[in-house]
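Here numbering that gives the first Met the number 0 is used: the first residue of the sequence shown is 0, the next is one more, and so on.
To start, the structure under review is shown below, and the notes come after it.
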Amino acid sequence: MTDHTEVLALQQRVQALEAEVQTAQQAARVLFAEAPTPYLLLGAQGRIRDVNAVACGLLDRAPQALLERPLAQFLTPASQGSLDTLLAQAARSGLRHWGEVQVLQPDDTPLDVLLEVNAQAAADQPWQFRVVLTEITAYKRAHAQLLDEVADQQGRIEAHATRMRLLNQELGQVMKVFLKELHLPLARALNFLALARRMGQESPVGGSPLAAAEQAVQQLLALAASIERYLRMRDMRIRLHTVNLNTVLQEVLKKLQPSLLDRDVRITADPLPTVQADARALFLILDEYLANAVKFTKQREQARIHVVVQEQDGEYFIGVQDNGAGFNMRQKDKLFQLFGRLHSSQTFEGTGVGLMTVSRCCQRFGARAWAEGKVDQGATFWFAWPKVPRVLD
């Protein structure tokens, strides 16, 4: 009797559990059917086992037109392979996978859809896949439009850059022709003024009109020469090779010899490094710096100029120190600007183009130029040369 009672109780518990399972299944079924997100359940072969109302609306088909049919049947041919790959990846890893496909609506209009696939498997049962669908047609259209706009803008930028480059080349050519044509009449004017001054027995210095005119023409010739040098530097085709700075310095000193006559000028230097560079660029920089040092020490009875080197992690700091006129550090940014003179041309001759040429030359190699000084206590003009130069146009 007792055994019979226990069996009945066990049967009742089993029935209660079955009822609970059925209730849970029905609740899950309702949640699936009424979910606001498009859902599909696919079998192991990618056939649609179940579909909710929102998914039917997205696919624009009734449930009976979808159930037990392969999802691939409703995709464009190009997307069918993508679906197979996505299902295989999800089954192999057991993880969620995402991929884009195109769904064909009944009128064959493609619809861009993002699929989220989650593989599920129970013991002794084949794989099935829960698929979440998200329409991304508007997003894809907006993205394509944005790409088109970016491409169009990029095209305009490139066209503008090309036009600016051509205008820049044209301006450079005009400047070269202008300077070439200007040089001959200026030279003739200078010769005429010198001859007229000699015939009139006027002093080459002082306040005479002929001497002042001659000096003005000389300044114009110097300015033309400086601009020509800048244009040559700008158009220089750079060739990187190993350059011994000591050799470059010796060449610069040979060029400076005429300006050292009748003066007490002592030029010394630290041992200079061997670097990767274009020798013409380093010659231009050292020539300008040393010529400046010679010029701004002309009021010293004993001029002292020293080339100093400081090795850093990725570059060399190379400076030209002098005991000349110096400058106010509050005006240091003006030095490397076009016509950025800090001293009167009556005291120190110059065009205000040389240091700008140095700065632009350094920039073409990823180098830097700057200066330090104190009024009447000398100055140091530096350039930092990278151990691995970055050649820029």
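Positions of the beta carbon are idealized from the N, C-alpha and C atoms, including for glycine.
Query: Integer Cβ distance of D332 from T296, believed to fall under 8 angstroms; Result: D332 to T296, Cβ: 23 angstroms. No contact.
Query: Minimum C-alpha distance to N291 - residue among N51, H305, A278; Result: H305
Query: Unbroken beta strand (DSSP E) run spanning F382, endpoints; Result: 378–385
Query: Residues that DSSP places opposite V307 in a beta bridge; Result: G318
Query: Collapsed DSSP secondary structure at T267 in the structure displayed; Result: strand
Query: Span separating the alpha-carbon of L283 from that of Q376; Result: 26 angstroms
Query: Cβ shell of K373 (< 7 angstroms), same chain only, five flanking positions each side left out; Result: G325
Query: Among V352, L334, G313, P184, nearest to A383 - alpha-carbon criterion; Result: G313
Query: Residues of its chain near Y315, where Cβ-Cβ distance is below 8 angstroms and the 5 sequence neighbours each way are ignored; Result: P272, V274, V308, Q309, A383, W384, K386
Query: N327 versus E250, A378, P35, residue with shortest Cα-Cα distance; Result: A378
Query: N- and C-terminal bounds of the alpha helix (DSSP H) containing E67; Result: First-last for E67: undefined, no H or E at that position.
Query: Stretch pair the region 49–58 + the region 78–95: three plus CB contacts closer than 8 angstroms; Result: no
Query: DSSP bridge partner residues for H240 (one or two, in chain order); Result: A276
Query: Cβ-based neighbour list, V264, same chain, cut-off 6 angstroms, excluding 5 preceding and 5 following; Result: A302
Query: Which residues DSSP lists as bridging Q101, in chain order; Result: D111
Query: T356 burial status per 10 Å Cβ neighbour count (16 or more: buried); Result: buried
Query: Cut-off 6 angstroms between Cβ atoms - residues of its own chain near A280, not counting five sequence neighbours on either side; Result: C360
Query: Proximity to P35 [Cα-Cα], best of V390, R231, A160, V131; Result: V131
Query: CB-CB length for E289 against L255, believed under 8 angstroms; Result: The sequence given here has Leu at residue 289, not Glu. The pair is a contact, with the Cβ atoms about 6 angstroms apart (cut-off 8 angstroms).
Query: Among D83, S258, P37, nearest to E436 - alpha-carbon criterion; Result: It is not possible to answer for residue 436, since the shown part of the chain is limited to 0 through 392.
Query: Exposure of A186, with buried meaning 16 or more beta-carbon neighbours within 10 Å; Result: exposed
Query: Nearest neighbour of H429, chosen from Q63, T4, A160, D111 [CA to CA]; Result: No statement about residue 429 is possible, as the shown extent of the chain runs from 0 to 392 and does not include it.
Query: Helix, strand or coil at D234 [DSSP, three-state]; Result: helix
Query: L70 beta carbon less than 8 angstroms from that of R129; Result: no
Query: Opening and closing residue of the beta strand (DSSP E) in which D49 lies; Result: 47–50
Query: Rounded straight-line distance, which links the Cα of A366 to that of M198; Result: 52 angstroms
Query: Element boundaries [alpha helix (DSSP H), containing V357]; Result: 353–362
Query: Among Q336, Q72, A87, E287, nearest to V102 - alpha-carbon criterion; Result: Q72
Query: Residue span of the alpha helix (DSSP H) that contains T84, given as start and end; Result: 76–92
Query: Classification of H96 by the beta-carbon crowding that lies within 10 angstroms, buried from 16 upward; Result: buried
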